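In UniProt numbering, the protein residues as written are 1 to 178. All residues carry an ideal CB built from backbone N, CA and C; glycine is no exception. Predicted, not measured: the structure shown is a model, and the values here were computed from it. Everything on this sheet refers to the single structure shown next.
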């Protein structure tokens, strides 16, 4: 079964296929450059997190995010090359290490890692939605709609893990006396 956002996108794509491609506007370039930077920096954190946690569910969530993020980075690198957009400087990936070798004082807890992933996911959803709404070019719009769709799907799985592990940060109910 096709993802609902993919179905909507493929319908729109067929409607606009054959239209002349316009130049990128400054907002599209800035949005693409920003999300590329966010993704590359996330990769560095994923390495730290994989070196820190031993929780299997969290490792799966990190690896899933890493794979999807690498896919986005590669798509953007190809796009930037075609369009003549320079790549921003980004942090390097971290080398592998054993979690037991990471000192406790600098080690992230599983809950901290999970909530970082949750905040990153919320940021991607918000940023992708805003960027999608501002796009003129169909290829840029497709990139952001794909990112939004994949991030929403990831968010559902991540939230389930956070709830099961008791890591989800929930604000108090409105009107509840503290």
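With respect to the C-alpha of residue 59, the residue from 143, 111, 151, 153 having the closest C-alpha is 111. In this structure, the beta-carbon distance from residue 118 to residue 148 does not fall below 8 Å. Note on the segment 27-105: whole alpha helix (DSSP H) runs with a minimum of 4 residues are 56-83, in chain order.
Taking the CA atoms as reference points, residue 130 sits about 9 Å from residue 144.
Around the Cβ of residue 167, a 10 Å sphere holds 16 or more other Cβ atoms; the residue is buried. DSSP places residue 157 in the helix class (H, G or I) of the three-state scheme.
For the pair residue 88 and residue 33, the CB atoms are nearer than the 8 Å cut-off. Per DSSP, reduced to three states, the secondary structure at residue 139 is helical.
In the three-state reduction of the DSSP assignment, residue 24 falls in the coil class, being assigned neither a helical nor a strand state.
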